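Student: First, the structure itself, so that you have it in front of you.
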Amino acid sequence: MRVLGIESSCDDTGIAIYDSENGLLAHALHSQTVLHQQYGGVVPELASRDHVKYLIPLVEQALAQANLEKKQLDAIAYTAGPGLIGALLAGASFAKSLALGLQIPALAIHHLEAHLLAARLEEPALDFPFLVLLVSGGHTQLIEARALGEYTIIGDTLDDAAGEAFDKTAKLMGLPYPGGAILAQLADDYQAKGLPAITAFPRPMTDRPGLDFSFSGLKTHALTTWHNSTKDELARAAIAHAFQQAVVDTLTIKVKRAIKETHAKSLVVAGGVGANLALRSNLTALLKGAGGKVYFPKIEYCTDNGAMVAYAGCLHLLAGEKDASQAIEVKARWPLVDIS
Ligand code: KG4
Ligand code: ZN
């Protein structure tokens, strides 16, 4: 079965082709980061228009890469939500029209399900059940994945997502959008130099039971510390380091609790913050100590991409799912539990 995957929920147009026999055949991506940079955040209308512009060239690129003709596709999988409504509609209307023209099914994929399945693209041996830490610009969730389509969110953020907190903290210290990765780099360099750590940063919500997160107070704490500092490069790096340590510690403490509660032996880390080296190192040590294993998909599969959508579509197709209707339906909000 060959499935074309289309991801357009936010600011990346991702197209890929996944083959149930031979794995990933092609993978193409267009990032809109530069387009939105001057506005300091994603502008939905510009995002939608850019998806429209890049969908066809990227599909052609993926087909050429896989050495396939359109008619050799068995299904089209597209992200139907959650996400920006215009951006989702651009991908969904294109996917449904192409599928109709080719007379093949178009499968609506939940963006978060695609993220949590992404680790299996490279590690087919990774079997259910597993625990997922989804940490992106829009989400911070702990998910128990029991089987395909059977997911329970056991921890969620009450305010900012982890990546959002990284980006906002970076911005308030004058770093360009999206500043999360730059902030992390400053933090890592500061750590490598062995400079003294600022220790006063809180580990939010770790002093009470439960698996939920809250990062907005940490961001405010960083802002206050920045205003009271010398506001130079060294101060910026010291705050970046303290902030990163606080986020990473908080995530690690909650993952440790979730492992204890669920008895999970495998942990999948998905989403852009999964690129964070300090987080990777802490979670690797935690899982090793717990006799389990942690899976970090390659960065290109951690962040938004078409491969995870093609793969999720392929699994649903093999499970016997069909196109429900010819209507083009997308959802800006779509709780993951609703697909179970
Ligand atoms: O999953 P993703 O590519 O996009 C969505 O949110 O959908 O995640 C992007 C987020 C951004 O907030 C970005 O700043 C953050 O991931 N990020 C990082 C790092 N690299 C990217 N955060 C912390 N450390 C990093 N190394
Ligand atoms: Zn995403």
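When we follow the numbering used here, the leftmost residue of the sequence shown carries the number 211, and every step to the right adds one. All C-beta atoms, glycine included, are put in the ideal place defined by N, C-alpha and C. These numbers come from a predicted model, not from an experiment.
(1) Any chance the CB of Pro386 is under 7 Å from a heavy atom of the ligand KG4?
(2) Taking DSSP as the reference, what is the three-state secondary structure of Gly293?
(3) Do Tyr505 and Ala238 have their C-beta atoms closer together than 8 Å?
(4) Quick check on DSSP: helix, strand or coil for Asp221?
(5) Spatial neighbours of Ser230 within its chain, please: CB distance less than 7 Å, with the 5 preceding and 5 following residues excluded, ordered by chain position.
(6) Excluding sequence positions up to five away, which residues of its chain have a Cβ less than 6 Å from the Cβ of Asn492?
(7) Rounded to a whole number of angstroms, what is the C-alpha to C-alpha distance between Tyr408 and Gly427?
(8) Which residue or residues does DSSP assign as beta-bridge partners of Thr367?
(9) From this set, Arg543, Ser535, Lys541, which residue's C-alpha is nearest Pro315's C-alpha?
(10) Which term fits Thr379, buried or exposed, when burial requires 16 or more other beta carbons within 10 angstroms of its beta carbon?
(11) With DSSP as the reference, label Ser535 as helix, strand or coil.
(12) For Glu612, is the classification buried or exposed, using 16 other Cβ atoms within 10 angstroms of its Cβ as the cut-off for buried?
(13) Less than 7 Å between C-beta atoms, sequence neighbours within five positions excluded: which residues of the same chain meet that for Arg490?
(14) Just the C-alpha distance for Ile227 and Asp514, rounded to the nearest angstrom, thanks.
(15) Candidates Ala297, Ala394, Asn438: which alpha carbon is nearest Asp221's?
(16) Kindly indicate the opening and closing residues of the alpha helix (DSSP H) around Gly523.
(17) Just to confirm, is the Cβ distance from Ala300 to Leu344 under 8 Å?
(18) Does at least one heavy atom of the ligand ZN sit under 7 Å from the Cβ of Ser346?
(19) Near Asp370, which residues of its chain fall below 6 Å by C-beta distance, leaving aside the five closest residues on each side in sequence?
(20) Do you know how far the Cα of Ala468 is from the Cα of Gly250?
(21) Buried or exposed, going by whether 16 or more other CB atoms sit within 10 Å of the CB of Phe338?
(22) Count the other CB atoms, across all protein chains shown, that sit within 10 Å of the CB of Asp377; report buried if there are 16 or more and exposed otherwise.
(23) Mind checking who Gln351 pairs with in its DSSP beta bridge?
(24) Could you tell me if the beta carbon of Asp337 falls within a distance shorter than 7 Å of some heavy atom in the ligand ZN?
(25) Is it the case that the Cβ atoms of Gly516 and Ile225 are separated by a distance below 8 Å?
(26) Can you tell which of Ser241, Ala285, Leu268 has its C-alpha closest to the C-alpha of Glu531?
(27) Closest by CA to His246, which one among Pro388, Glu332, Leu396, Arg446?
(28) Restricting to Cα atoms, I'd like to know which of His325, Ser219, Ile509, Thr472 is closest to Ala257.
(29) Taking 7 Å as the cut-off, does the CB of Ala485 come closer than this to any heavy atom belonging to the ligand KG4?
(30) Let me know the alpha helix (DSSP H) ranges lying completely inside the stretch 231–272, each 4 residues or longer, listed in chain order.
(31) Who does Glu360 pair with in a DSSP beta bridge?
(32) Please name the residue in Gln242, Lys281, Asn232, Asp399 whose C-alpha comes closest to that of Gln313.
(33) Are there any heavy atoms of the ligand ZN lying less than 7 Å away from the beta-carbon of Gly373, as far as the coordinates show?
(34) Sort His451, Ala302, His349, Gly348 by Cα distance to Ala519 and report the nearest one.
(35) Out of Leu477, Gln454, Thr243, state which residue places its alpha-carbon closest to the alpha-carbon of Pro386.
Tutor: According to the data block:
(1) Pro386: no, Cβ never under 7 Å from the ligand KG4.
(2) Coil, per DSSP.
(3) Result no, Cβ atoms of Tyr505 and Ala238 do not sit closer than 8 Å.
(4) It is coil, neither helix nor strand.
(5) Taken in chain order, the residues that qualify are Met211, Cys524, Leu528.
(6) The beta carbon of Asn492 sits closer than 6 Å to those of Val458, Thr462, all from its chain and outside the five residues before and after it, given in chain order.
(7) It should be noted that the sequence gives Ile, not Tyr, for residue 408. Taking the straight line from one Cα to the other gives about 17 Å.
(8) According to DSSP, Thr367 bridges with Phe423.
(9) Looking at the Cα atoms, Ser535 is the closest of the given residues.
(10) Around the Cβ of Thr379, a 10 Å sphere holds 16 or more other Cβ atoms; the residue is buried.
(11) It is coil, neither helix nor strand.
(12) This structure gives no information on residue 612, because the portion of the chain shown stretches from 211 to 550.
(13) Same-chain partners within the cutoff: Phe506.
(14) Note on geometry: alpha-carbon atoms of Ile227 and Asp514 lie some 15 Å from one another.
(15) Comparing C-alpha distances from Asp221 to each of Ala297, Ala394, Asn438 shows the shortest one belongs to Ala297.
(16) Where Gly523 is concerned, the enclosing alpha helix (DSSP H) stretches over 516–528.
(17) At least 8 Å separates the beta-carbon of Ala300 from that of Leu344.
(18) Yes - the ligand ZN has a heavy atom lying nearer than 7 Å to the Cβ of Ser346.
(19) Around Asp370, the same chain offers Phe425, Ser426 as residues with beta carbons nearer than 6 Å, after the five sequence neighbours per side are excluded.
(20) Whole-angstrom Cα-Cα distance: 35 Å.
(21) Counting other Cβ atoms within 10 Å of its Cβ, Phe338 stays below 16 and is therefore classed as exposed.
(22) Burial call: buried.
(23) In the DSSP output, where bridge partners are listed per residue, Gln351 has Leu344, Asp366.
(24) Relative to the ligand ZN, the beta carbon of Asp337 is positioned no closer than 7 Å to any heavy atom.
(25) Yes. Within cutoff.
(26) Comparing Cα positions, the closest option is Ala285.
(27) Nearest of Pro388, Glu332, Leu396, Arg446 to His246, Cα basis: Pro388.
(28) When each option's Cα is compared against that of Ala257, the closest is Ser219.
(29) Ala485: yes, Cβ under 7 Å from the ligand KG4.
(30) Whole alpha helix (DSSP H) segments, 4+ residues: 243–247.
(31) Ala357, per the DSSP bridge assignment.
(32) Minimum Cα distance to Gln313 is reached at Lys281.
(33) No, Cβ of Gly373 sits at least 7 Å from all heavy atoms of the ligand ZN.
(34) A small correction: the amino acid at residue 519 is Val; Ala does not occupy that position in the sequence shown. Checked all of His451, Ala302, His349, Gly348; the closest Cα to Val519 is Ala302.
(35) If we check each option's Cα against that of Pro386, Thr243 comes out closest.
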